[in-house]
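J.: I'd like to ask you about the structure that follows.
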Amino acid sequence: MMEPSAYLLLSGILFGIGVAGVVARKNALIVIMSVEIMLNGVNVAFIAVGSHLGDPTGSVFAFMVMTVAAAEAAVGLAILIAIFRLKETVDITELSVLKW
Amino acid sequence: MAPIAIDAQALLQSTYSILPEILVVATALFVLFVDLILPEENKRVLCGVSIIGVALSLFAVFSMGPARISGFSGAVVHDGLGAFFEIVILSACALTLLMATGYSEWEGTHKGEFYSLLLLSTSGMMFMAKGTDLMTVFLGLETLSIPIYVLVGFHRNRMSSIEGALKYFLLGAFASGFLLYGIALIYAVSGTTKIPQLAAMLLDASLAGNPMFLAGAGLLLVGLAFKVSLVPFHMWTPDAYEGAPTLVTAFMSAAVKAAAFAALIRFLLLALPGMQPAMGKILWILAVLTMTVGNLSALRQDNVKRMLAYSSIAHAGYILVGMVSGDVLGGQASLFYLLVYAFMNIGAFGVVMLIAQKEDEGYDIGNFAGIGFRYPVLGALLTLFLVSLGGIPPTAGFIGKFYLFSAAVKNGYIGLAVIGVLNSAVSIYYYLRLVVYMYMMPAGAEAPAPRPPRVAFSLALCASAAVVLVLGILPRSVLEFAERSVLSLLM
Numbered sequence: 149m150m151e152p153s154a155y156l157l158l159s160g161i162l163f164g165i166g167v168a169g170v171v172a173r174k175n176a177l178i179v180i181m182s183v184e185i186m187l188n189g190v191n192v193a194f195i196a197v198g199s200h201l202g203d204p205t206g207s208v209f210a211f212m213v214m215t216v217a218a219a220e221a222a223v224g225l226a227i228l229i230a231i232f233r234l235k236e237t238v239d240i241t242e243l244s245v246l247k248w
Numbered sequence: 186m187a188p189i190a191i192d193a194q195a196l197l198q199s200t201y202s203i204l205p206e207i208l209v210v211a212t213a214l215f216v217l218f219v220d221l222i223l224p225e226e227n228k229r230v231l232c233g234v235s236i237i238g239v240a241l242s243l244f245a246v247f248s249m250g251p252a253r254i255s256g257f258s259g260a261v262v263h264d265g266l267g268a269f270f271e272i273v274i275l276s277a278c279a280l281t282l283l284m285a286t287g288y289s290e291w292e293g294t295h296k297g298e299f300y301s302l303l304l305l306s307t308s309g310m311m312f313m314a315k316g317t318d319l320m321t322v323f324l325g326l327e328t329l330s331i332p333i334y335v336l337v338g339f340h341r342n343r344m345s346s347i348e349g350a351l352k353y354f355l356l357g358a359f360a361s362g363f364l365l366y367g368i369a370l371i372y373a374v375s376g377t378t379k380i381p382q383l384a385a386m387l388l389d390a391s392l393a394g395n396p397m398f399l400a401g402a403g404l405l406l407v408g409l410a411f412k413v414s415l416v417p418f419h420m421w422t423p424d425a426y427e428g429a430p431t432l433v434t435a436f437m438s439a440a441v442k443a444a445a446f447a448a449l450i451r452f453l454l455l456a457l458p459g460m461q462p463a464m465g466k467i468l469w470i471l472a473v474l475t476m477t478v479g480n481l482s483a484l485r486q487d488n489v490k491r492m493l494a495y496s497s498i499a500h501a502g503y504i505l506v507g508m509v510s511g512d513v514l515g516g517q518a519s520l521f522y523l524l525v526y527a528f529m530n531i532g533a534f535g536v537v538m539l540i541a542q543k544e545d546e547g548y549d550i551g552n553f554a555g556i557g558f559r560y561p562v563l564g565a566l567l568t569l570f571l572v573s574l575g576g577i578p579p580t581a582g583f584i585g586k587f588y589l590f591s592a593a594v595k596n597g598y599i600g601l602a603v604i605g606v607l608n609s610a611v612s613i614y615y616y617l618r619l620v621v622y623m624y625m626m627p628a629g630a631e632a633p634a635p636r637p638p639r640v641a642f643s644l645a646l647c648a649s650a651a652v653v654l655v656l657g658i659l660p661r662s663v664l665e666f667a668e669r670s671v672l673s674l675l676m
């Protein structure tokens, strides 16, 4: 079995890309996509470690994360559509009814 | 490959260990189903059905008692701590539902999905409080959060509601990413996600000093800190609390906080002995920052809902004070305070809801002028809840703060206790400012009368007031229950 360190590095890079996207982007749709990249980075780590240890927990965890990510994306996109109907924009810097 | 034998006995015991959760989820599904066949004018029934479901679940918790029942190969455990938090969460949910009888009438939230989302979120909180596997904690957190995102944006034609929902959603999803990465790192180092096994491994010094493990524990802490809104992870709180329907704000501020603290207590109390003193220092800083920033920001607010939002941040800081030392005394004080906080905060939101009438502009502090003498009962109730939030005797808020700070002193964190007391003094200013408005300011020319509460709504307010007063005078039995709950965790 291959050492998981390379995979962990990959997962770290994916997670970092996701974090950078959330922090830097202003379009809420891209922020949601970046969150998905973060979660997929986590999945890589879980599966790599699980298969290295021969322990099913890692793979089961990855399935759970995928399920949750799907539910989260559905709710997130619904909120986004509701915002777009009211404001015709999904730029998070223009959401200022409430003080940030 | 050998066929997997299903042990009927174990399956039965596992099912029994999550009986209260099953009842809540079943009620949520039942409500959705009944919603289909009910005519529009009878939707009030749904609220009653939900209350019955929550009452049954509460009854199940009480009849199961504090005995330790572990289920699903150690993924959940029903123990004293789980039972304590289930009682807190279910009481918060019951109070919210009782208030919903009135609130839903005014704001048009008598809808099947409103109640089922509320119940599903409650079930997630209960799982989070009972989870002994980081996977259960994560799934509970998400089952709790996703319905809450929807509930915050429930008034989807009100910009502030939907804006609060988006901000809460984006930051919440971001935070759960951190939580998950933390779990992944911990799993990578230790090969397990079960909290008791982790705690046992932590006593071995090599793991506690492993940088990857420390990074994992730190990320896990960040994820949970977002949910309990500790400074500097609190940015979403004022916006989400102000934008959400007030009923949902009341529920969130009490129940979400309790659930996330339950997971935090379970993780910290078991893991802390292996991770002191580094973890203690981090919690110390977080507690001081949270109390101070929360209170100082609340001072400047003219919107009562936003003021209560900042005050709830400050309260998260007080509760964290009890966890800095990671011992039974502090943990017990935190548990007691969480219970008291649920009742006094939901009570305060309930009265505010009646007075404010309209979402958004109704919550300006000017609307509260002159309420005290024109509506003596409402004025007295709100004063009681605010005085308790401020920590003035003879209310439960005072007893709670007293135990939190005296636990800190006994464990040698005298500086922390002093900062806590000073903060508490600052907070009295903005709570009493509202009381001054109610009693000493003349009412505006066309000040609208508060809404007349329904019977169930009044019942919820009276129950909250009774708990705040009774626990302020006779806290012993609940304190002992809290102590047994913390001890059951450490056994």
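Residue numbers (the numbering used here), protein chains in the order written: chain A, 149 to 248; chain B, 186 to 676. Each residue gets a CB set at the ideal place from its N, CA and C atoms; glycine is no exception.
1. SER258 of chain B: buried (16+ other C-beta within 10 angstroms of its C-beta) or exposed?
2. Is GLU544 of chain B close to chain A? Criterion is C-beta to C-beta, closer than 8 Å.
3. By Cβ distance, which residues of its chain are closer than 6 Å to VAL197 of chain A, with the 5 residues on each side in sequence left out?
4. Near VAL671 of chain B, what residues of its chain come up, given a Cβ to Cβ distance below 6 Å and the 5 sequence neighbours on each side ignored?
5. Taking just the CA atoms, how far does VAL536 of chain B sit from GLY211 of chain A?
6. Using a threshold of 8 Å, state whether the C-beta atoms of ALA610 of chain B and LEU601 of chain B are closer than that.
7. Taking beta-carbon pairs under 8 Å, can you tell me which members of the region 203-225 of chain A lie near chain B?
8. ARG451 of chain B: buried (16+ other C-beta within 10 angstroms of its C-beta) or exposed?
9. According to DSSP, is HIS263 of chain B part of a helix, a strand, or is it coil?
10. Going residue by residue through the region 611-671 of chain B, where are the continuous beta strand (DSSP E) segments of at least 3 residues, counting only ones entirely within it?
11. Please name the residue, chosen from B:ALA456, B:LEU674, B:VAL407 and B:THR286, that lies closest to ASP165 of chain B on a Cα-to-Cα basis.
12. Quick check: does the Cβ of VAL234 of chain B come within less than 7 Å of any heavy atom belonging to the ligand ATP?
13. So, ILE254 of chain B versus ALA444 of chain B, is the Cβ gap smaller than 8 Å?
14. Run through the region 172-210 of chain A for me and flag every whole alpha helix (DSSP H) of 4 or more residues, listed as ranges in chain order.
15. For the region 150-166 of chain A, enumerate the residues whose C-beta is nearer than 8 Å to any C-beta of chain B, in chain order.
16. Who are the Cβ neighbours of SER573 of chain B in its own chain at under 8 Å, not counting the five residues just before and after it?
17. Which one of B:PRO627, B:MET310 and B:ILE577 has the shortest CA to CA distance from PHE436 of chain B?
18. Who pairs with GLY256 of chain B in a beta bridge, going by DSSP?
19. On the DSSP bridge list, what partners appear for GLY316 of chain B?
20. Does LYS379 of chain B come out as helix, strand or coil in the three-state DSSP assignment?
21. Quickly, what does DSSP pair ASP239 of chain A with across the bridge? List them, please.
22. Based on the DSSP output, what are the partners of ASN488 of chain B in its beta bridges?
23. Is MET320 of chain B close to chain A, meaning its C-beta is less than 8 Å from at least one C-beta of that chain?
24. Can you grab the Cα-Cα spacing for the pair PHE363 of chain B / ILE531 of chain B, in whole Å?
25. Short of 8 Å Cβ to Cβ, which residues in the region 178-195 of chain A face chain B?
26. Note down, in chain order, each residue of its chain lying with its Cβ closer than 6 Å to the Cβ of VAL335 of chain B, except the 5 sequence neighbours on either side.
27. Could you work out which residues of chain B lie near ALA168 of chain A, taking near to mean beta carbons separated by less than 9 Å?
28. Taking the alpha helix (DSSP H) that VAL234 of chain B belongs to, which residues open and close that run?
29. Determine the direct distance from the alpha carbon of SER248 of chain B to that of SER375 of chain B, and round the result to whole angstroms.
30. Would you mind giving the Cβ-Cβ distance between PRO251 of chain B and ARG669 of chain B, rounded to the nearest angstrom? I have them listed as a contact below 8 Å.
31. Using a Cβ-Cβ distance under 8 Å, would MET186 of chain B count as near chain A?
32. For MET365 of chain B, collect the residues of the same chain with a Cβ closer than 7 Å to its Cβ; drop the 5 residues on either side in sequence, then sort them by chain order.
33. Is ARG636 of chain B closer than 8 Å to TRP421 of chain B when the C-beta atoms are compared?
34. Is the Cβ of ALA176 of chain A closer than 8 Å to any Cβ of chain B?
35. Anyone know if the C-beta pair for ASP318 of chain B and THR378 of chain B falls short of 8 Å?
36. Identify the contact partners of ALA172 of chain A in chain B, using a Cβ-Cβ distance below 7 Å as the criterion.
T.: Straight from the coordinates:
1. Along the second sequence, one-based indexing puts residue 258 of chain B at 73. By the neighbour-count definition (other C-beta atoms within 10 Å, threshold 16), SER258 of chain B is an exposed residue.
2. Position 359 of the second sequence holds residue 544 of chain B. For GLU544 of chain B, the nearest beta carbon of chain A is not closer than 8 Å to its own beta carbon.
3. The residue given as residue 197 of chain A occupies position 49 in the first sequence. Taken in chain order, the residues that qualify are PRO152 and GLY206.
4. Walking along the second sequence from the start, residue 671 of chain B turns up at place 486. Exclusion of the five residues before and after VAL671 of chain B leaves VAL513, GLY516 and GLN517 as the residues of its chain whose Cβ lies within less than 6 Å of its Cβ.
5. On the first sequence, position 63 is the one that residue 211 of chain A refers to. On the second sequence, position 351 is the one that residue 536 of chain B refers to. The sequence shown places Phe at residue 211 of chain A, not Gly. Looking at the two C-alpha atoms, the distance is approximately 44 Å.
6. Counting from one through the second sequence, the residue named residue 610 of chain B turns up at place 425. Counting from one through the second sequence, the residue named residue 601 of chain B turns up at place 416. No, these two residues do not count as a Cβ contact at 8 Å.
7. The residues in question are ASP203, THR205, GLY206, VAL208, PHE209, MET212, VAL213, VAL216, ALA219, GLU220, VAL223 and GLY224.
8. Within the second sequence, residue 451 of chain B is the residue found at index 266, counting from 1. So ARG451 of chain B ends up on the buried side.
9. Residue 263 of chain B sits at position 78 when you count from the first residue of the second sequence. It is a strand residue.
10. The region 611-671 of chain B contains no whole beta strand (DSSP E) run of 3 or more residues.
11. This structure cannot speak to residue 165 of chain B, because chain B is shown only from 186 to 676.
12. Absent from the structure shown: the ligand ATP. Ligands present: none.
13. Residue 254 of chain B sits at position 69 when you count from the first residue of the second sequence. Residue 444 of chain B sits at position 259 when you count from the first residue of the second sequence. Going by C-beta atoms, ILE254 of chain B is not nearer than 8 Å to ALA444 of chain B.
14. Secondary structure in the region 172-210 of chain A: the alpha helix (DSSP H) runs of 4 residues or longer, each lying completely within the stretch, are 176-201 in chain order.
15. Taking 8 Å as the Cβ-Cβ cut-off against chain B, the residues of the region 150-166 of chain A that qualify are PRO152, LEU156, SER159, PHE163 and GLY166.
16. Within the second sequence, residue 573 of chain B is the residue found at index 388, counting from 1. Taken in chain order, the residues that qualify are VAL525, MET529, THR580, ALA581, GLY582, PHE583, VAL653 and GLY657.
17. Here residue 436 of chain B refers to the residue found at position 251 of the second sequence. Closest option to PHE436 of chain B, Cα to Cα, is B:MET310.
18. Working through the second sequence from its first residue, we reach residue 256 of chain B at position 71. Paired residue(s): B:VAL261.
19. For this step, residue 316 of chain B is matched to residue 131 along the second sequence. Bridge partners of GLY316 of chain B according to DSSP: B:VAL261.
20. Residue numbering aside, residue 379 of chain B sits at position 194 when the second sequence is read from its first letter. LYS379 of chain B falls in the strand class under three-state DSSP.
21. Position 91 of the first sequence, counted from the first residue, corresponds to residue 239 of chain A. DSSP, once it has assigned bridges, lists A:ASN175 as partnering ASP239 of chain A.
22. To locate residue 488 of chain B, count along the second sequence from 1; it is residue 303. Looking at the DSSP assignment, ASN488 of chain B forms a beta bridge with B:ASP549.
23. As a working mapping, residue 320 of chain B is identified with position 135 in the second sequence. Taking Cβ atoms only, chain A reaches closer than 8 Å to MET320 of chain B, which makes this a yes.
24. Stepping through the second sequence from its first residue, residue 363 of chain B is reached at position 178. Stepping through the second sequence from its first residue, residue 531 of chain B is reached at position 346. Those two C-alpha atoms are separated by around 30 Å.
25. Taken in chain order, the members of the region 178-195 of chain A whose beta-carbon sits within less than 8 Å of a beta-carbon on chain B are VAL179, ILE180, VAL183, MET186, LEU187, GLY189, VAL190, ALA193 and PHE194.
26. In the second sequence, counting from the first residue as 1, residue 335 of chain B sits at position 150. Taken in chain order, the residues that qualify are LEU302.
27. Numbered from 1 along the first sequence, position 20 holds the residue referred to as residue 168 of chain A. Listed along chain B, no residue sits closer than 9 Å to ALA168 of chain A by beta-carbon distance, the nearest being about 12 Å off.
28. Residue mapping note: residue 234 of chain B aligns to position 49 of the second sequence, counting from 1. Residue range 229-249 is occupied by the alpha helix (DSSP H) that includes VAL234 of chain B.
29. Walking along the second sequence from the start, residue 375 of chain B turns up at place 190. Walking along the second sequence from the start, residue 248 of chain B turns up at place 63. Their backbone Cα atoms lie some 37 Å apart in a straight line.
30. As a working note, residue 251 of chain B is residue 66 in the second sequence. As a working note, residue 669 of chain B is residue 484 in the second sequence. At roughly 6 Å, the Cβ-Cβ gap stays under 8 Å, so PRO251 of chain B and ARG669 of chain B are in contact.
31. To locate residue 186 of chain B, count along the second sequence from 1; it is residue 1. Since pLDDT at MET186 of chain B reaches only 49, below the 50 mark, its modelled position is unreliable, and the value read off the structure follows with that caveat. At a cut-off of 8 Å between C-beta atoms, MET186 of chain B does not count as an interface residue with respect to chain A.
32. Here residue 365 of chain B refers to the residue found at position 180 of the second sequence. A small correction: the amino acid at residue 365 of chain B is Leu; Met does not occupy that position in the sequence shown. Here the set comprises PHE323.
33. By 1-based counting over the second sequence, the position of residue 421 of chain B is 236. By 1-based counting over the second sequence, the position of residue 636 of chain B is 451. Not closer than 8 Å, so no.
34. Residue mapping note: residue 176 of chain A aligns to position 28 of the first sequence, counting from 1. Yes, its Cβ sits closer than 8 Å to a Cβ of chain B.
35. Here residue 318 of chain B corresponds to residue number 133 of the second sequence, with the count starting at 1. Here residue 378 of chain B corresponds to residue number 193 of the second sequence, with the count starting at 1. Result yes, Cβ atoms of ASP318 of chain B and THR378 of chain B sit closer than 8 Å.
36. Position 24 of the first sequence, counted from the start, is the residue given in the question as residue 172 of chain A. Here the premise fails: no neighbours, minimum Cβ distance about 13 Å.
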